[in-house]
Structures are given as C-alpha cells and as structure tokens.
C-alpha cells in the first residue's frame with residue numbers, strides 16, 4: 022500500500038473481512054522502501070509512542086482480520102507491503118473452480134489506484150479457459166476497471182479513482198483440476214484444527 026501523507030500520521034490499517042474465506046495466516050508487514058520486516062507485537066500499541074514505530078500487530082475483530090502498523094510520517098509518500106496467506110477462499114463448483122475475493126471494503130479514504138495479479142500454474146491451463154471479472158459494489162466514481170487474462174497462468178486486475186467507502190471485488194474462474202480439492206480440504210482442516 023502506498024500512502025500520500027499531508028500532515029503527521031502514525032498508524033496504518035488493513036482490515037480483511039472473513040467473507041467467503043476460512044482463515045488468514047503468515048501475516049508480516051514490510052517497509053516498502055527497504056524491504057525490511059517490521060517488528061511483530063502480540064498486542065496493539067500506542068501509535069504516538071516512538072517506541073511503537075517500526076512495529077505491527079494483528080487481531081480478529083468484527084468478523085475481520087485487522088492489521089495495524091506504526092510509523093512516523095509527515096508530508097511524504099510511504100509504502101508498506103502487507104503479506105499474508107488466505108485459506109479457504111476458493112469455491113469448487115460442478116463445471117469450474119473460482120476465486121472470489123474482496124480486495125477492499127469500506128475504506129474511509131479515497132483510493133487512487135489498485136492493481137492485483139493472480140498467478141495460476143501456467144502449464145495447467147490455457148489462456149482461453151480462464152475467466153476474469155472485477156467490480157465495485159458502489160461504482161460511484163470509478164473511471165477505470167479492468168480484468169484481463171495476460172497469459173495462460175496470469176490474470177491482471179486494475180482500477181482507479183475510488184471514492185471513500187467504495188468496495189472492490191475480483192473474481193477468477195478456471196477449469197476443474199488445476200487446484201486439488203483434496204489438498205484444499207486438508208489445508209482447511211489443519212488451519213481450523215484448534216476450533
């Protein structure tokens with residue numbers, strides 16, 4: 022995520038709704054300029070405390086995984102990379118399999134530009150067998166939405182000029198057999214074993 026700051030700020034936020042997904046694991050936040058991982062904290066921190074800057078945490082709340090990171094920024098551009106693994110996001114249907122994923126929902130600020138790339142095994146399918154869609158649930162100010170199959174294993178999504186509180190969803194469909202449904206079920210069982 023790239024931020025353009027006007028004024029002083031100390032906390033970033035990413036909320037990933039548990040809508041049509043099972044769980045989220047392996048969360049790490051990186052400084053986009055240096056590639057260095059921020060320090061993990063098991064608790065939420067005070068954003069104005071300089072000892073908190075350079076740290077991140079995450080927690081479940083209100084049906085979502087919430088990720089916070091802390092920094093010192095004033096009148097500048099900053100970039101952070103939020104890395105995580107989503108479990109249980111695929112749908113298995115009679116004639117195809119599908120990824121349906123909300124990239125963001127209800128951000129209180131405008132989003133200037135979004136790009137997402139989905140990569141499947143290129144030897145497992147052909148370009149013509151992939152389908153891609155992108156849409157905004159409000160679609161109030163979006164001037165550009167694009168979902169295109171770049172090659173046999175890559176789908177590219179992009180959009181621009183989202184107003185505050187607009188939502189963005191991507192959908193991809195591919196032939197049965199690219200994803201092993203048994204391996205998917207095993208992953209679901211292992212990530213939810215404690216429950």
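Residue numbers (our numbering): 22 to 216.
For glycine and all other residues, C-beta sits at the position ideal for the given N, C-alpha and C.
Check                                                                                                                           : Outcome
Validate contact between the region 145 to 155 and the region 95 to 108 using beta carbons, cut 8 Å, 3 pairs                    : no
Under the three-state DSSP convention, the category residue 114 falls into                                                      : coil
Cut-off 7 Å between Cβ atoms - residues of its own chain near residue 200, not counting five sequence neighbours on either side : 111, 118
Residue 78, buried or exposed, once every other Cβ within 10 Å from all chains shown has been counted against 16                : buried
Same chain, Cβ closer than 7 Å to residue 140, five either side skipped, listed in chain order                                  : 174, 175
Where the alpha helix (DSSP H) containing residue 202 begins and where it ends                                                  : 202 to 212
Exposure of residue 73, with buried meaning 16 or more beta-carbon neighbours within 10 Å                                       : buried
Between the CA atoms of residue 61 and residue 67 - distance to the nearest angstrom                                            : 14 Å
Alpha-carbon to alpha-carbon, residue 84 and residue 209                                                                        : 18 Å
Neighbourhood of residue 216 by C-beta, 7 Å cutoff - its chain only, sequence neighbours within 5 removed                       : Any reading at residue 216 must be qualified, since the residue scores a pLDDT of 48, below 50, and its modelled position is unreliable; no value is offered.
Three-state secondary structure (DSSP) of residue 225                                                                           : The shown model of the chain, from 22 to 216, leaves out residue 225, and the question about it has no answer.
Nearest-angstrom Cα separation, counted from residue 71 out to residue 169                                                      : 44 Å
Residue 29, buried or exposed, once every other Cβ within 10 Å from all chains shown has been counted against 16                : exposed
Same chain, Cβ closer than 6 Å to residue 121, neighbours up to 5 away in sequence not counted                                  : 41, 192
Any non-hydrogen atom of the ligand HEM closer than 7 Å to residue 85 Cβ                                                        : For the ligand HEM, the structure offers nothing, since it holds no ligand at all.
Three-state secondary structure assigned by DSSP to residue 148                                                                 : helix
Top-ranked residue by Cα proximity to residue 96, from 26, 142, 212                                                             : 26
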